[in-house]
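Participant: By the working numbering, the letter at position 90 of the first sequence is numbered 78, and the numbering carries on one by one without gaps. Note that CB positions come from ideal geometry on N, CA and C, so glycine has one too. Just passing along the structure, written as structure tokens.
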Amino acid sequence: MGGFYNDILEWYDRHRRVLPWRAEAGKKPDSYHVWLSEIMLQQTVVAAVIPYFQKFVDKWPTIHDLADADPDALMAAWAGLGYYARARNLHKAAKMISDTYSGIFPDTEQALKKLPGIGDYTSAAIIAIAHDKPAVVIDGNVERVMSRFFVIESQMPAAKAEIRRYAVQIYDPAHNRRPGDLAQAIMDLGAGICTPQSPSCGNCPVQSRCRIILEAASPEEYPRKAIKKTKKQRRGYIYHIETEAGEVLLEKRAEKGLLGGMTGFPTSEWVTGSSYPDHPGWLEGLSPAPIKNVLIKHVFTHFELSMKACRLRVADKDSIRNLPATYIWRSKSAVIDRKNDFPTIFRKFVPFINS
DNA sequence: AAGGCGTGGTG
DNA sequence: TCACCAAGCCT
């Protein structure tokens, strides 16, 4: 393992990327920055995270500022980044760190994993990167690098146990003198060289030791994965409802579940299959009219959604009886001005509320 | 423990 | 253009 360790760190020192949350070489990073970036980086590429990270640090420079943040402002700032449970958990964890830890991040994996949104990977990453202590940091990049370097034939996710056994050797504290750099080096290698498709093996610092190269196998076929299921289709309606005074109806979604805690345009239920659902009960007796040729399509991780757009003009707010308290009115100008407070699915509809 | 959970970078 | 899938966590 010594050869791998030295080669990859030598490569890292030459190719180290400058990132907003990364300290200068040899300096200790801000734990708050490390944690915030790691949460944002969960299932999300670096390029997408950078502007959000900058915005959060500008708005909330310390963990205490984030703990004191207005929840709706925090969710609005996260809008567009996806996986909104991360934002809800971020705020909960910030309060816990600010209050019970006085703003000092715990330095054991066990304590970190008690914080919402921090699991096996993120706790190890914080130990290694923020505290520069040895930890077995395994993310998708590390899994890919290990599965190729050691030619692991078992299929994911079952292969995780075997991958971990190799990773434990790689991260062995007996030789790991630069825990933070080593973890980031392997992840950077996975993100930039040992990529999922068409990896640049010719530029790899450990190509001469990599078993998949030695065996002339196909790296892009590793890690072995199960065949993916096709996404199901769901259908529904999205509504532009506006008063004569120019107020637009919005819906604050439930805290749990899809788009939890986010505000968007009202929708019907979304039903699986090729048929469309009924309009929601609070629209009883009012007949929203189809907006010709406007279909909002959106792809989620586990289904594809098509929503037919409908419009309803009402005299005033009282025109809709039995409207649940989770629905709110906002001026059309504010809706357009604050477009980016919406998740992407609802941003797509904003251009259509002007006619 | 398998499935829910978003979005945009990438080739 | 479009399929793939990412620095995972939670239940």
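Within 10 angstroms of its Cβ, does Asn328 collect 16 or more other Cβ (buried), or is it exposed?
Facilitator: exposed
Participant: Rounded C-beta distance between Thr133 and Leu177? I'm assuming under 8 Å.
Facilitator: For clarity, residue 133 is Val in the given sequence; the question names Thr instead. Contact between Val133 and Leu177 is confirmed by a C-beta separation of about 6 Å, below the 8 Å threshold.
Participant: So, Ile226 versus Lys320, is the Cβ gap smaller than 9 Å?
Facilitator: In this structure, Lys320 does not lie closer than 9 Å to Ile226 by Cβ.
Participant: Report buried or exposed for Asn164, applying the criterion of at least 16 other Cβ atoms within 10 angstroms of its Cβ.
Facilitator: buried
Participant: Is it the case that the Cβ atoms of Pro211 and Ile140 are separated by a distance below 9 Å?
Facilitator: yes
Participant: What is the rounded straight-line gap between the Cα of Ile341 and the Cα of Ile316?
Facilitator: 16 Å
Participant: I think Trp23 touches Ile114, with their Cβ atoms under 8 Å apart; what is that distance to the nearest whole Å?
Facilitator: 6 Å
Participant: Is Gln221 helix, strand or coil by DSSP?
Facilitator: Here Gln221 sits in strand by DSSP.
Participant: Out of Met250, Glu292, Lys305, which one is the CA nearest neighbour of Leu62?
Facilitator: Met250
Participant: Which residue's Cα is closest to the Cα of Leu7: Arg166, Pro207, Ala242, His21?
Facilitator: His21
Participant: Would you say Ser90 and Leu54 are within 9 Å of each other, going by their C-beta atoms?
Facilitator: no
Participant: Measuring straight from C-alpha to C-alpha, what distance separates Pro268 and Thr255?
Facilitator: 8 Å
Participant: Which residues bound the beta strand (DSSP E) around Ala41?
Facilitator: One point to set straight first is that residue 41 is Phe, not Ala, in the sequence displayed. Element bounds for Phe41: not the beta strand (DSSP E) but the alpha helix (DSSP H), 34 to 47.
Participant: Can you name, in chain order, every residue of its own chain whose Cβ lies under 6 Å from the Cβ of His286, other than the five neighbours on each side?
Facilitator: Leu293, Ile333
Participant: Let's see if you can read the secondary structure: which residues bound the alpha helix (DSSP H) around Phe(-8)?
Facilitator: Here the alpha helix (DSSP H) through Phe(-8) covers -10 to 3.
Participant: Suppose contacts are defined by Cβ-Cβ distances below 9 Å. Is Tyr109 in contact with Leu69 by that definition?
Facilitator: no
Participant: Report the rounded CA-to-CA distance for Phe(-8) versus Thr314, giving the unit in angstroms.
Facilitator: 56 Å
Participant: Tell me whether Asn281 sits in a helix, a strand or coil according to DSSP, three-state version.
Facilitator: Here Asn281 sits in strand by DSSP.
Participant: Under 9 Å between the Cβ atoms of Ile201 and Ala155?
Facilitator: no
Participant: Is Ile106 closer than 9 Å to Ala171 when the C-beta atoms are compared?
Facilitator: no
Participant: Please report the straight-line C-alpha distance between Gly128 and Ser142, rounded to a whole angstrom.
Facilitator: 16 Å
Participant: Taking its Cβ as the centre, do 16 or more other Cβ atoms sit within 10 Å of Ala233, making it buried, or is it exposed?
Facilitator: exposed
Participant: Given a threshold of 16 other Cβ atoms within 10 Å of its Cβ, counted over all protein chains shown, does His290 qualify as buried or as exposed?
Facilitator: Result: exposed.
Participant: Mapping the DSSP letters down to three states, classify His79 as helix, strand or coil.
Facilitator: helix
Participant: Check whether the segment 67 to 83 and the segment 93 to 105 are in contact - that is, three or more C-beta pairs closer than 8 Å.
Facilitator: yes
Participant: Is it true that the CB of Leu(-3) sits closer than 9 Å to the CB of Ala173?
Facilitator: yes
Participant: Can you check DSSP and say which residues form a bridge with Lys240?
Facilitator: Thr251
Participant: Nearest CA to the CA of Arg166: which residue from Arg335, Val338, Tyr0, Lys336?
Facilitator: Tyr0
Participant: Thinking C-beta only, is His228 closer than 9 Å to Leu300?
Facilitator: Between Leu300 and His228, the CB-CB gap stays under 9 Å.
Participant: Rounded to whole angstroms, what's the CA-CA distance from Ala277 to Leu271? Just pull it up for me.
Facilitator: 12 Å
Participant: Once DSSP output is grouped into helix, strand and coil, what is the label at Tyr315?
Facilitator: strand
Participant: How many Å lie between Asn(-6) and Ile51 at the Cα?
Facilitator: Across the structure, Asn(-6) and Ile51 are spaced so that their CA atoms are roughly 35 Å apart.
Participant: Measure the beta-carbon distance from Gly252 to Pro161 and round it to whole angstroms, keeping in mind my assumption that it falls under 8 Å.
Facilitator: No, Gly252 and Pro161 are not in contact; Cβ-Cβ is about 48 Å, not under 8 Å.
Participant: Rounded to whole angstroms, what is the Cα-Cα separation between Val302 and Pro184?
Facilitator: 52 Å
Participant: Pick out whichever of Arg74, Pro122, Ala57 has its Cα sitting closest to the Cα of Thr96.
Facilitator: Pro122
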